[in-house]
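My numbering numbers the first residue of the sequence shown as 1 and each following residue consecutively. Virtual Cβ for every residue (Gly too), placed ideally from N, Cα, C. Comments concern the structure below.
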Amino acid sequence: MNNVLVVDDDPHIVRALAITLKGHGYSVATAMDGESALHAAAQRPVSVVILDLGLPDIDGTTVITRLREWSTVPILVLSARHGSNDKVEALDAGADDYITKPFGLDELLARLRAILRRTEPDPGTTVIETGSFTVDLAKKQITKAGQDVRMTPTEWSILEIMVRNPEKLITQQQLLTEVWGPAYAKEANYLRVYMAQLRRKLEAEPGTPRHFITEPGMGYRFLP
1 MNNVLVVDDD
11 PHIVRALAIT
21 LKGHGYSVAT
31 AMDGESALHA
41 AAQRPVSVVI
51 LDLGLPDIDG
61 TTVITRLREW
71 STVPILVLSA
81 RHGSNDKVEA
91 LDAGADDYIT
101 KPFGLDELLA
111 RLRAILRRTE
121 PDPGTTVIET
131 GSFTVDLAKK
141 QITKAGQDVR
151 MTPTEWSILE
161 IMVRNPEKLI
171 TQQQLLTEVW
181 GPAYAKEANY
191 LRVYMAQLRR
201 KLEAEPGTPR
211 HFITEPGMGY
221 RFLP
């Protein structure tokens, strides 16, 4: 299921979008201001952000800029600002599309589907090769120097999330929530232990990893 984060300070719009999106099979989280949006995006995996620019605390363009410091999540701007300069500024900051208010729900859903199609991974890409190891996602098989590498179910779960999102920052909260569940969202020590095990098994030099990179205070990034 695709997870959509709706960010708008108008409760009527938030409610209408949440009802519509849930009715079309999306999972929906909401935020009423920029700081809450950034926190929500870091707390759980998000497939796309629907973002209003006129937020009460920080401008929506600032939210885009700050999100782009660590995330490539698609952003669909939904704003009452009709000026071309506002659109250009938002798109240059990293937004993927822009709809002006008032808007039709059918158009918004179509734009949302288009964004998700563009960002879906190629289903044919099931083998990820690096200079140190190869992962076959379809076969759930890992080889290093021609030898199979055995993984525990938890190690595989972490590895699969990371290799399916190359070069993207995966936050600690996202990994903990997806692998262990929401109750473990703050147990960063779990991740440190398992990331160390993955590096020992897969990196050529675990002490100076090339593929599983720590982003201090935020999470981890996989570099093929």
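Span of the beta strand (DSSP E) around residue i
| i | result |
| --- | --- |
| Lys144 | Gln141 to Lys144 |
| Thr100 | Asp97 to Thr100 |
| Val7 | Asn3 to Val7 |
| Leu78 | Ile75 to Ser79 |
Contact set for residue i: own chain, Cβ-Cβ below 7 Å, skip 5 residues either direction
| i | result |
| --- | --- |
| Asp52 | Val7, Asp8, Asp9, Gly60, Leu78 and Ser79 |
| Leu105 | Thr20 |
| Leu176 | Tyr184, Ala185, Glu187, Tyr190 and Leu191 |
| Val28 | Val4, Val6, Ala18, Leu21 and Lys22 |
| His24 | Leu109 |
Terminal residues of the alpha helix (DSSP H) in which residue i lies
| i | result |
| --- | --- |
| Leu191 | Ala188 to Leu202 |
| Leu91 | Ser84 to Ala93 |
Short Cβ contact (8 Å threshold) for residue i with residue j
| i | j | result |
| --- | --- | --- |
| Leu198 | Glu155 | yes |
| Leu91 | Ile50 | no |
| Asp57 | Leu76 | no |
| Leu67 | Ala31 | no |
| Val46 | Asn3 | yes |
| Val48 | Leu116 | yes |
| Val179 | Ile158 | yes |
| Val149 | Lys201 | yes |
Own chain partners of residue i with C-beta closer than 8 Å, once the 5 adjacent residues on each side are dropped
| i | result |
| --- | --- |
| Ile170 | Ile161, Met162, Gly219, Tyr220, Arg221 and Phe222 |
| Glu215 | Trp70, Leu169 and Arg221 |
Cβ-heavy atom distance, residue i to the ligand MG, below 7 Å
| i | result |
| --- | --- |
| Val49 | The ligand MG is not part of this structure, which contains no ligands at all. |
Within-8 Å CB hit, residue i to chain C
| i | result |
| --- | --- |
| His39 | In the structure shown, chain C cannot be found, because there is only a single protein chain. |
Chain-order list of residues whose beta-carbon lies under 6 Å from that of residue i (same chain, five-residue window excluded)
| i | result |
| --- | --- |
| Thr134 | Thr143 |
| Glu107 | none |
| field | Those runs of the alpha helix (DSSP H) which lie wholly inside the segment 128-176 and span at least 4 residues | value | 153-163
| query | In chain order, which beta strand (DSSP E) runs of at least 3 residues are fully inside the segment 19-72? | reply | 27-31 and 48-51
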